[in-house]
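**Q** If you scroll down you'll find the structure; I have some questions about it.
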Amino acid sequence: MPVSDLTTLIPAPLHRRLYRLAYWARSTWWRTFKPTVHGCRIVALDDQGRVLLIRQSYGSSQWVTPGGSVGRREDPVATAVRELAEETGCILSGARKVAQLLERPMGAYNVVHVVVGHASGMLQPDHREVDEAAWFVPDALPPDASRHIADGLAGWIAAYNSES
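According to the numbering used here, numbering within the sequence shown proceeds without interruption in unit steps and concludes at 1068.
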């Protein structure tokens, strides 16, 4: 049985608590050892041009794009497809990497691969890692959207559309 299937055996409330514990452990690790990590930020667009934002069950309560850690030999686009399906139940198609950023959360280096694509399927947050998910018009984001997202969104969408 794949690991992702095993996690469904854990009751959702306990799973959320474990995500919070893992977030605390990762944050402590990052502050102490300042590693370089790779992650992806997924800009998932629907047929109406709206962007998908989520609220995670751990960390900040701000609206952010879905995303996740890129495995050592994993392609960031493959990571984006996998993470979007796991977190929201949506399928990402036509995905392309449009940017690579270097951020310094908690003193660590985070290489962020920004992947943009079209999402389809029924939006169903997993209620484990993701508490809430919703579609927003890119120029009318909620006031508590992450500034990293609000500042970069228009440029990432423009870069994606210019290559289409």
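Cβ atoms here follow ideal geometry from the backbone N, Cα and C, with glycine treated the same way. These figures come from a predicted structure and were not determined experimentally.
Would you grab the beta carbon distance between W1060 and V947 for me? Rounded to a whole angstrom, and I think it's under 8 Å.
**A** In the sequence shown, residue 1060 corresponds to position 156, counting from 1. In the sequence shown, residue 947 corresponds to position 43, counting from 1. W1060 to V947, Cβ: 5 Å. Contact.
**Q** Report the residue from A984, E1033 and D950 whose alpha carbon sits nearest the alpha carbon of F1040.
**A** By 1-based counting over the sequence shown, the position of residue 1040 is 136. Nearest of A984, E1033 and D950 to F1040, Cα basis: D950.
**Q** I'd like the list of long-range same chain contacts for R959, defined as Cβ closer than 8 Å, with 5 residues on each side in sequence excluded.
**A** Taking the first residue of the sequence shown as position 1, residue 959 is located at position 55. S965, Q966, W967, V968, V1034, D1035, E1036 and A1037, listed in sequence order.
**Q** With a 10 Å radius around its C-beta and 16 neighbouring C-beta atoms as the bar for buried, classify G1025 as buried or exposed.
**A** On the sequence shown, residue 1025 is found 121 positions in, with the first residue counted as 1. Its Cβ having fewer than 16 others within 10 Å, G1025 is exposed.
**Q** Where does Y1013 fall in DSSP's three states?
**A** Here residue 1013 is taken as the residue at index 109 of the sequence shown, counted from 1. Reduced to three states, the DSSP call for Y1013 is strand.
**Q** Pop quiz: V984 and L996 are said to be a contact at Cβ under 8 Å. What is the actual Cβ separation, rounded to whole angstroms?
**A** Numbered from its first residue, the sequence shown carries residue 984 at position 80. Numbered from its first residue, the sequence shown carries residue 996 at position 92. The sequence shown places Ala at residue 984, rather than the Val named in the question. With a Cβ gap of about 6 Å, A984 and L996 count as contacting.
**Q** What are the uninterrupted segments assigned as beta strand (DSSP E) that are 3 or more residues long and contained completely in the region 944 to 1011, given in chain order?
**A** Listed in chain order, the complete beta strand (DSSP E) runs (minimum 3 residues) inside the region 944 to 1011 are 955 to 960, 971 to 973 and 995 to 1007.
**Q** Grab me the residues of P1046's own chain with a C-beta within less than 8 Å of its C-beta, minus the 5 sequence neighbours each way, in chain order.
**A** Within the sequence shown, the letter at position 142 stands for residue 1046. Only L957, W967 and F1040 meet the Cβ criterion.
**Q** Do V1015 and R1000 have their CB atoms nearer than 8 Å?
**A** Start at 1 with the first residue of the sequence shown, and residue 1015 comes out as number 111. Start at 1 with the first residue of the sequence shown, and residue 1000 comes out as number 96. No; because the gap between Cβ atoms is not below 8 Å, this pair is not in contact.
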